[in-house]
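Participant:
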Amino acid sequence: MTDRLKPLTPAILTLDDKTYTLPTYIGIEGEKAIDISKLRSQTGYVTLDEGYGNTGACESAITYIDGEKGILRYRGYPIEELAEHSRFVEVAYLLLYGELPTVEQLQHFSTALNDSSIIHEDMHHFFNGFPRGSHPMGILATMVASLSTFYPVFDRLDEASEIQIVANLVSQVRTIAAFSYKKSIGEPLVYPSHTLSYVRNFLNMMFASPVRDYQLDDDIVRAIDMLLILHADHEQNCSTSSVRTAGSSMANVYAVISAGISALWGPRHGGANQEVIKMLEQIHAEGGDGTEFINEAKNKYSSKRLMGFGHRVYKNYDPRATVLKKHCDILLNKPGIKDPLLDIARRIEEVALNDDYFISRKLYPNVDFYSGLILRAAGIPTNMFTVLFAIGRMPGWLAHWREMIHGERVAIYRPRQIYVGESIRHYRDIKDRT
Ligand code: CMC
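Here the numbering used here runs 379 ahead of the position in the sequence shown, where the first position is 1.
(1) Unbroken alpha helix (DSSP H) runs of length 4 or more, entirely within the stretch 613-676: which are they?
(2) In the DSSP output, which residue or residues are listed as bridge partners for P744?
(3) Which two residues bound the contiguous beta strand (DSSP E) that contains P531?
(4) Tell me, to the nearest whole angstrom, how far the beta carbon of S495 is from that of S550; I am working on the premise that it is less than 8 Å.
(5) Any heavy atom of the ligand CMC within a distance shorter than 7 Å of the CB on D382?
(6) Using only alpha-carbon positions, find the residue among T619, D811 and E801 that is nearest to C437.
(7) So is Q594 buried or exposed if we call it buried at 16+ other beta carbons inside 10 Å?
(8) Grab the span of the beta strand (DSSP E) containing D445 for me, first residue to last.
(9) Does the ligand CMC have a heavy atom nearer than 7 Å to the CB of M326?
(10) Put I413 into one of helix, strand or coil per three-state DSSP.
(11) Compare the C-alpha of V425 against each of I803, F533, P794 and L475 and name the closest.
(12) Distance, Cα to Cα, D697 vs S739?
(13) Inspect the beta-carbon positions of T765 and L643 and report whether they are closer than 8 Å.
(14) Can you tell me where the beta strand (DSSP E) with L451 in it begins and where it stops?
(15) Quick one: residues in its chain with C-beta nearer than 8 Å to the C-beta of V468, no 5 flanking neighbours on either side, listed in chain order?
(16) Would the beta-carbon of S465 fall within 8 Å of that of L606?
(17) Ends of the alpha helix (DSSP H) at Y560?
(18) Examine the ligand CMC and report whether any of its heavy atoms sits within less than 7 Å of the Cβ of N616.
(19) In terms of alpha-carbon separation, which member of R419, G406, D811 and T442 lies closest to E782?
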């Protein structure tokens with residue numbers, strides 16, 4: 380434990396007629412924890428917490444969430460203030476280095492991102508090897524892991540090489556994402572440009588072509604920038620925990636981040652934004668109002684879930700969804716952008732928020748409920764939605780990786796289990812088996 384945790388009165392545990400004293404601590408926002416790190420050696424018991432819903436796996440000073448009150452802060456700053464006043468590159472710096480940058484620091488950081496934006500030319504061949512129609516998340520995870528072969532990482536990282544790793548990953552994830560899209564539609568690659576800001580650069584690489592300039596719409600650029608800010612970190616979620624787990628083995632950072640990308644892909648995590656749009660399109664195509672889908676999601680014998688609803692931590696409206704809903708209303712009211720799926724989404728939200736099933740389980744819209752509608756309005760193809768989430772989450776993953784490797788002690792992530800398989804039995808020759 381670090382001295383950032385303050386001790387409280389120890390907990391008394393009675394087990395098998397013996398009494399044990401367990402240290403307890405409180406964090407700076409009043410979160411309380413029982414330290415069970417010596418529980419097994421003292422009592423022979425482990426804790427059982429499937430899905431780690433009740434396990435604090437580390438101390439972290441990056442992001443604070445209060446799921447009951449719907450609070451999300453990066454390094455102490457409320458997400459609503461950052462979404463309104465900041466820009467993604469500045470938020471990335473904040474997450475990574477702990478403070479909002481000065482003008483000079485932001486300039487240095489932006490220059491480092493620009494200078495690192497081109498991927499090694501030999502990597503272009505890899506894109507040709509993926510079958511047409513490959514999911515861009517598969518391509519992204521592969522390409523990011525392969526960065527390790529082009530940009531070797533030394534065992535002892537000095538400050539300069541760490542800054543370079545961060546710049547490579549934050550910048551090149553955007554280049555790889557756009558290149559994988561271009562390959563998927565059979566168009567030539569558009570290289571990054573030093574004259575464009577982070578989001579403009581990405582949209583230009585996605586949508587410009589040698590025969591067609593891309594007209595950047597300020598409202599769309601702003602909406603995508605804000606969306607990246609909202610996705611930039613979310614403490615110990617599935618992909619970030621994967622990054623910490625893989626990173627705790629001291630694996631190469633590019634492989635570590637690739638593990639995070641793979642975990643993000645799943646439909647219960649970052650893949651949900653794609654699934655929300657599929658769901659809304661299906662309801663639209665069938666001409667229904669969503670009631671049938673909602674009823675199916677409520678049926679415990681069906682595997683369907685209302686996508687974009689529910690969250691492990693938020694038992695109240697996801698604050699990111701509140702910001703996005705407002706921006707959806709602004710963006711989708713622009714001439715020529717109106718999307719019939721927005722009306723369906725609003726209707727589903729209203730029905731679900733008044734339905735006892737969702738009320739009793741505290742299931743509210745999450746960030747992915749509205750993010751897909753904004754991405755659609757920006758012309759981003761549905762199978763690229765989770766890739767956009769990955770671009771946004773990159774600073775968060777790297778901030779957690781840095782926090783971990785610079786920690787006082789890096790313990791390898793290695794949970795226990797309760798074995799429920801066969802008890803001991805002995806090998807039988809194949810002819811004696813029935
Ligand atoms: N639709 C219908 N029922 C649901 C839903 C949903 N979207 N989410 C949870 N439930 C039910 C679930 O069936 C269970 O019911 P019961 O108590 O009767 O068995 C109860 O609510 C608790 O669910 P859980 O799976 O134990 O809750 P969890 O905290 O483990 O799961 C979740 C959180 C996000 C995986 C889940 O709510 C879900 O699958 N939502 C849909 C996918 C989605 O939108 N994911 C994006 C999350 S936000 C982006 C990110 O950070 O990744």
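Don't be surprised by glycine CBs; every beta carbon is placed ideally from N, CA and C.
Facilitator: Concretely, from the data shown:
(1) 617-626, 632-643 and 651-665
(2) F688
(3) It is not in any beta strand (DSSP E) - P531 carries neither H nor E in the DSSP assignment.
(4) 4 Å
(5) Not under cutoff, so the answer is no.
(6) T619
(7) It counts as exposed.
(8) T442 to D445
(9) A query on residue 326 cannot be resolved here, the shown segment of the chain reaching from 380 to 813 and no further.
(10) In the structure shown, I413 sits in a strand (DSSP, three-state: E or B).
(11) P794
(12) Approximately 16 Å between the Cα atoms of the pair.
(13) yes
(14) Its beta strand (DSSP E) spans residues I450 to Y453.
(15) L485, F488, S489, L492, S576 and Y577
(16) no
(17) From DSSP, the alpha helix (DSSP H) with Y560 extends over E538 to S563.
(18) yes
(19) T442
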